[in-house]
Amino acid sequence: MSTLNYPEVGATRQDLLPAGYNHLHHRALIGRGRASFEAAGRAVTTWRLHRESGVRVRSDAERADPGVAVECGIGVGPLRVTAPCEVVWAAYEDDRIGFAYGTTGRHPECGEESFVVELADDGAVWFTVTAFSRASRWYTRLAGPCMPVIQHWYARRLGRTLRRIAG
Numbered sequence: 005m006s007t008l009n010y011p012e013v014g015a016t017r018q019d020l021l022p023a024g025y026n027h028l029h030h031r032a033l034i035g036r037g038r039a040s041f042e043a044a045g046r047a048v049t050t051w052r053l054h055r056e057s058g059v060r061v062r063s064d065a066e067r068a069d070p071g072v073a074v075e076c077g078i079g080v081g082p083l084r085v086t087a088p089c090e091v092v093w094a095a096y097e098d099d100r101i102g103f104a105y106g107t108t109g110r111h112p113e114c115g116e117e118s119f120v121v122e123l124a125d126d127g128a129v130w131f132t133v134t135a136f137s138r139a140s141r142w143y144t145r146l147a148g149p150c151m152p153v154i155q156h157w158y159a160r161r162l163g164r165t166l167r168r169i170a171g
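The letter at position 50 of the sequence shown is residue 54 when you use my numbering, and the numbering goes up by one with no holes.
Spelled out as structure tokens, the structure:
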């Protein structure tokens with residue numbers, strides 16, 4: 005049974021993100037060619053990208069598919085913040101691989117984030133992070149304008165990490 009805590013499930017598949025949230029759109033060139041695309045897609049959908057970016061990941065499946073539960077954690081000991089999510093869509097296409105997860109009731113925010121790798125006609129491999137989110141806990145509300153800055157920083161970190169993995 006899904007415990008997602010926002011109504012706009014699947015909205016990261018569209019160009020128009022829902023109002024009332026902070027929006028994030030980060031796109032990075034990570035390589036060229038089919039081998040780079042496949043390596044990047046595999047890293048994204050098997051949680052390797054998140055893990056190599058410094059996030060502790062627990063999941064009930066080896067790859068991202070709709071309905072899969074995943075919990076991301078940062079920090080150490082009592083300062084660890086966990087973020088439980090559920091995969092809401094996944095794409096395993098010839099030129100597009102990725103997924104989106106949505107936040108569940110215990111997540112510090114509410115919203116959705118997608119991680120997509122695309123192979124362009126010219127052979128360029130692009131990685132895009134798209135998200136909409138807003139605070140759902142006292143500490144994320146207290147962080148206020150810092151949260152979008154942190155999210156943008158993390159999206160750039162993911163791009164750099166994926167460039168290294170796919171290279």
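Cβ coordinates follow ideal geometry from the N, Cα and C atoms, glycine included. All of these numbers come straight from a predicted model, not from anything done at the bench.
Please work out which residues of its chain come closer than 6 angstroms, Cβ to Cβ, to Trp157, disregarding the five sequence neighbours upstream and downstream, and give them in chain order.
Once the five neighbours on either side are set aside, Trp157 has no close Cβ partner at all.
State the Cα-Cα distance for the pair Arg55 and Ile154, rounded to the nearest angstrom.
Computed Cα separation, rounded: 17 angstroms.
Could you name each continuous alpha helix (DSSP H) segment of 4 residues or more that falls completely within the segment 5-90, going from the start of the chain to the end?
Listed in chain order, they are 38-49, 52-56.
Leaving out five residues before and five after Gly106 in sequence, what residues of the same chain have Cβ atoms less than 7 angstroms from its Cβ?
If we look at Gly106 and ignore the five residues flanking it on each side, its Cβ neighbours are Leu8, Tyr10, Val13, Cys89, Glu90, Val92, Glu116.
Do Glu113 and Ala94 have their beta-carbon atoms positioned less than 9 angstroms apart in this structure?
No. Outside cutoff.
Under three-state DSSP, which class holds Arg100?
Strand at Arg100.
Cutting at 6 angstroms between CB atoms, please list the residues of its own chain near Ala68, excluding the five before and the five after it.
Once the five neighbours on either side are set aside, the close Cβ partners of Ala68 are Thr49, Val91, Ala94, Phe103.
With 16 other CB atoms within 10 Å as the buried threshold, where does Gly58 fall?
By the neighbour-count rule (16 or more Cβ atoms within 10 Å), Gly58 is not buried but exposed.
Rounded to whole angstroms, what is the Cα-Cα separation between Arg160 and Leu28?
Computed Cα separation, rounded: 11 angstroms.
State the Cα-Cα distance for the pair Leu166 and Ala15, rounded to the nearest angstrom.
Spanning the two alpha carbons is a distance of roughly 24 angstroms.
Please report the Cβ distance between Gly37 and Gly127, rounded to the nearest whole angstrom; I am assuming they are in contact, meaning their Cβ atoms lie under 8 angstroms.
So it is a contact: roughly 5 angstroms between Cβ atoms.
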